[in-house]
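These notes concern the structure reproduced below.
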Amino acid sequence: MQTQHLIPGLTLATCTALLVVTGCATTRLPTDHFALAKASIERAEQAGATELAPVELQAARDKLAAAEASPHNSTGAVAAARLADEADVDARLAEASAQAARSRRAANELDRSLDALRAETNRSTP
Numbered sequence: 000m001q002t003q004h005l006i007p008g009l010t011l012a013t014c015t016a017l018l019v020v021t022g023c024a025t026t027r028l029p030t031d032h033f034a035l036a037k038a039s040i041e042r043a044e045q046a047g048a049t050e051l052a053p054v055e056l057q058a059a060r061d062k063l064a065a066a067e068a069s070p071h072n073s074t075g076a077v078a079a080a081r082l083a084d085e086a087d088v089d090a091r092l093a094e095a096s097a098q099a100a101r102s103r104r105a106a107n108e109l110d111r112s113l114d115a116l117r118a119e120t121n122r123s124t125p
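Heads up: the sequence shown at position 1 corresponds to 0 in numbering that gives the first Met the number 0, and the numbers run straight through without jumps.
Have a look at this one:
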């Protein structure tokens, strides 16, 4: 009995086995995107975003968690990369918002100090 070859040198059984193996293979999740988002979240936390930009920081955390929970297939990997990138952007926004809030607080405090100094100067002048 002669074996039918679809591709020279490969039997029908070999071709079927190759298709099954490649079809069931998992796609690696974009861990480099995850690492970048995690680093941005840590920077935002260090900048005070937990207190000063909690909504933006939570959005970043939620998107990173969703990215990490994505299925290990090609569609899931693409979605995971997109979510991780969005988490990175949200974390950067949280960091910038926290820095802006700290700057506003410092500027307001400086204004109050200058107002107090002006008032003291006006009282001291006869």
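Here a beta-carbon is modelled for each residue, glycine too, at the ideal position from N, C-alpha and C.
- Comparing C-alpha distances from Glu94 to each of Phe33, Ala36, Glu44 and Arg27 shows the shortest one belongs to Glu44.
- With contact defined as three or more Cβ pairs closer than 8 Å, the segment 48-62 and the segment 94-113 are in contact.
- Here Gly75 carries a helix assignment [DSSP, helix/strand/coil].
- A straight-line Cα-Cα distance of about 11 Å links Ala36 and Arg81.
- Taking the C-beta atoms as reference points, Ser69 is found nearer than 7 Å to Ala79.
- Less than 7 Å divides the Cβ of Ala86 from the Cβ of Lys62.
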